[in-house]
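**Q** One structure, as structure tokens, below. Some questions next.
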Amino acid sequence: MLVLETIAKVRRAYFVQKKPIKAICRELMLSRKVVRKIVRSNATEFRYERETQSKPKIDPFRSELDALLTANEGKPARERLTLIRVFEELRGTGFEGSYDAVRRYAKGWTKQRGSVTAQAYVPLIFAPGEAYQFDWSHEIVRINNATVTVKVAHVRLCHSRMFFIRAYPRESQEMVFDAHDRAFAFFRGTCTRGIYDNMKTAVDTIFVGKERSYNRRFTQMCSHYLIEPTACTPASGWEKGQVENQVGLVRERFFTPTLRAKSLEELNGLLIDKSVAYAKAHKHQEVTDQTIWQMFETERSMLVPVPGRFNGFHATTASVSKTCLVRFDNVRYSVTSLAVGRPVEVQAYADRIVIRQDGMIVGEHTRSFTRGQTVYDPWHYVPVLARKPGAWRNGAPFKDWVLPAGIERVRRKLKGSDDGDRQMVDILAAVLTDGLIIVEAACGEALDQGTHSADVILNILARKKDTGPALTILTPQALQLQHAPVADCARYDRLRRAS
8 MLVLETIAKV RRAYFVQKKP IKAICRELML SRKVVRKIVR SNATEFRYER
58 ETQSKPKIDP FRSELDALLT ANEGKPARER LTLIRVFEEL RGTGFEGSYD
108 AVRRYAKGWT KQRGSVTAQA YVPLIFAPGE AYQFDWSHEI VRINNATVTV
158 KVAHVRLCHS RMFFIRAYPR ESQEMVFDAH DRAFAFFRGT CTRGIYDNMK
208 TAVDTIFVGK ERSYNRRFTQ MCSHYLIEPT ACTPASGWEK GQVENQVGLV
258 RERFFTPTLR AKSLEELNGL LIDKSVAYAK AHKHQEVTDQ TIWQMFETER
308 SMLVPVPGRF NGFHATTASV SKTCLVRFDN VRYSVTSLAV GRPVEVQAYA
358 DRIVIRQDGM IVGEHTRSFT RGQTVYDPWH YVPVLARKPG AWRNGAPFKD
408 WVLPAGIERV RRKLKGSDDG DRQMVDILAA VLTDGLIIVE AACGEALDQG
458 THSADVILNI LARKKDTGPA LTILTPQALQ LQHAPVADCA RYDRLRRAS
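Numbering (my numbering), first residue to last: 8 to 506.
Written out as structure tokens, the structure reads:
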């Protein structure tokens, strides 16, 4: 192959120094054919382009090898075969060539495949308040010295690039609602359009094109916030590329090294602080003279006002056991004893459980995510104690029950009495009618008087009740007295003598 310096010397000798081709050949020790090629082509560089090389060993097995490489590419990374394994598979079909031949062919096949499958994209631009993107990611954190995988909700404003992230134990629908509520409260507004993938918590059915059948509760949320939902084409993450890129950025900058926190709430507080700090410290991708936070403050005034929090819960029907328990998500929650025997509606929020029966709340608890746990409210079982006072001593709902100080002192004093359980049940039953604060005050007053009897406490409660003014009874005309009675005790003496 001719080097560039040789070509340059030939061109200068012929065109500048006007030397004949014969003299150039003698000086540079080149053939006349080479010198004429340089002079006549006016080229400054010559490259060797190899023609298609025949592969006598590969060609008969080309289709089998292509099929093996294509099938191997479609497998998950852990299940893909190495090239030596592909070579061994091909040998099983009768191939007699070498491993190097297969390796060189596979390298060219991969290169050609990459050029065919490479895709080009059009950069997108969004107006202020036009759209946001939503997605989930899974991250590993340390909560209370335990390694936990949390689900992180990502919400990103497409114009300013400002983002909101929050960690949850689940990706369920109530978590989606809570993430939107908190994100819009943080942004102080929402956009006219939301871009999602086809998550099951939002989409029931995927039709041809962009048509989707969204589920009822998700549609209600979008209607509440005046959002038009837009679902991406399946397996087309580039249609919400901003939030897809954000997942990698957040994982690299926020969750590496592993974040540590004492609770999920503390973890979410750290994520908010890190998000704001990042937005204030980094320039906007397109408007490079402003930070993300500055662009966000400008966009904030153009967001759609939030009408208030959406009542975002996931509802399901459940039965009530004879022990006043309702099972939801592998956790049992107590309800009032009056709900036994009829079905209830469990409304699951991200952080609490509300149980209703005929529209009335019969139980409300902080949500638990520990499988097999039972969450009690001891007050639900107090009406049962009136019939079964013996359950007070060993009842599971009353174990480690922390009562107000005054009632707790009475309980300790009654513990040694023969009928202490019955008296304590009477005092607790009074809470249902008089209120906890009033009963505690009555217990304190009784203790100040040197007694702890339930009868005394109930008497104090009865005396403190405001009975109101006495009723005035109108006397009929026929029963009214004509003469006012006179106090005359002598009448009794006359009656005694007459007898």
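Yeah, the Cβ is synthetic: ideal placement off N, Cα and C, and Gly gets one too.
Taking one C-beta from the segment 295-305 and one from the segment 330-337 each time, how about it: are there three or more such pairs within less than 8 Å?
**A** no
**Q** Select from R224, L310, A138 and L277 the residue whose C-alpha is nearest the C-alpha of R149.
**A** Reading the sequence shown from its first residue, position 142 is the one you call residue 149. With distances taken between Cα atoms, R149 lies closest to L277.
**Q** By a C-beta neighbour count over all protein chains shown, 10 Å radius and 16 as the cutoff for buried, is P312 buried or exposed?
**A** Sequence index remark: in the sequence shown, residue 312 carries index 305 (1-based). P312 is exposed by the Cβ-count criterion.
**Q** Can you tell me whether G201 is helix, strand or coil according to DSSP?
**A** Indexing the sequence shown from 1 puts residue 201 at position 194. Strand, per DSSP.
**Q** Tell me the start and end of each unbroken alpha helix (DSSP H) in the segment 261-313 that is at least 4 residues and wholly inside, in chain order.
**A** 271-288 and 299-307
**Q** Excluding the 5 residues flanking I360 on each side, which residues of the same chain have their C-beta closer than 6 Å to its C-beta?
**A** Within the sequence shown, numbered from 1, the residue matching residue 360 stands at position 353. Excluding residues within five positions, the ones whose Cβ falls inside 6 Å are Y340, H372 and R374.
**Q** Run through the DSSP bridge pairs and tell me what S341 is partnered with.
**A** Here residue 341 refers to the residue found at position 334 of the sequence shown. DSSP output for S341 lists L332 as bridge partner(s).
**Q** I need the boundaries of the alpha helix (DSSP H) containing L502, first residue and last residue.
**A** To locate residue 502, count along the sequence shown from 1; it is residue 495. First-last of the alpha helix (DSSP H) with L502: A497 to A505.
**Q** Based on the DSSP secondary-structure assignment, which residues constitute the bridge partners of S220?
**A** Taking the sequence shown and counting its residues from 1, the one referred to as residue 220 is at position 213. Paired residues: T212.
**Q** With contact counted as at least three CB pairs below 8 Å, one residue from each stretch, are the segment 227-242 and the segment 187-202 in contact?
**A** Judged by Cβ distances under 8 Å, the segment 227-242 makes contact with the segment 187-202, as three or more pairs qualify.
**Q** A325 and V369: beta carbons closer than 8 Å?
**A** Within the sequence shown, residue 325 is the residue found at index 318, counting from 1. Within the sequence shown, residue 369 is the residue found at index 362, counting from 1. No. Outside cutoff.
**Q** Using a Cβ-Cβ cut-off of 6 Å (strictly less than) and excluding sequence neighbours within five positions of S144, which residues of its own chain qualify?
**A** Counted from its first residue, the sequence shown places residue 144 at position 137. Cβ within range, chain order: V159 and V254.
**Q** Does the distance from the CB of D428 to the CB of W399 come in under 8 Å?
**A** For the purposes of this step, residue 428 is taken as the residue at position 421 of the sequence shown. For the purposes of this step, residue 399 is taken as the residue at position 392 of the sequence shown. Going by C-beta atoms, D428 is nearer than 8 Å to W399.
**Q** What does the alpha-carbon distance come out to for the pair Q140 and T263?
**A** Counting from 1 along the sequence shown, the entry for residue 140 is found at position 133. Counting from 1 along the sequence shown, the entry for residue 263 is found at position 256. Approximately 24 Å between the Cα atoms of the pair.
**Q** Which one of F405, H490 and T458 has the shortest CA to CA distance from L435?
**A** Numbered from its first residue, the sequence shown carries residue 435 at position 428. That would be F405, whose Cα lies nearest to the Cα of L435.
**Q** Any idea which residues DSSP pairs I360 with across the strands?
**A** By 1-based counting over the sequence shown, the position of residue 360 is 353. Looking at the DSSP output, I360 shares a beta bridge with A355 and H372.
**Q** Kindly indicate the opening and closing residues of the beta strand (DSSP E) around I444.
**A** On the sequence shown, residue 444 is found 437 positions in, with the first residue counted as 1. I444 -> not in any beta strand (DSSP E); alpha helix (DSSP H) instead, spanning L443 to D455.
**Q** How about the segment 416-432 and the segment 447-459: do they share at least three Cβ pairs that are nearer than 8 Å?
**A** yes
**Q** What is the DSSP secondary structure of I172, counted as helix, strand or coil?
**A** Sequence index remark: in the sequence shown, residue 172 carries index 165 (1-based). Of the three classes helix, strand and coil, the one that applies to I172 here is strand, per DSSP.
**Q** Could you spell out where the beta strand (DSSP E) holding R163 opens and where it closes?
**A** As a first step, residue 163 must be located in the sequence shown, where it is residue number 156. Counting along the chain, the beta strand (DSSP E) containing R163 begins and ends at A153 to L164.
**Q** Quick check on G319: buried or exposed, where buried means 16 or more other Cβ atoms within 10 Å of its Cβ?
**A** Looking up residue 319 in the sequence shown gives position 312. Under this definition G319 is a buried residue.
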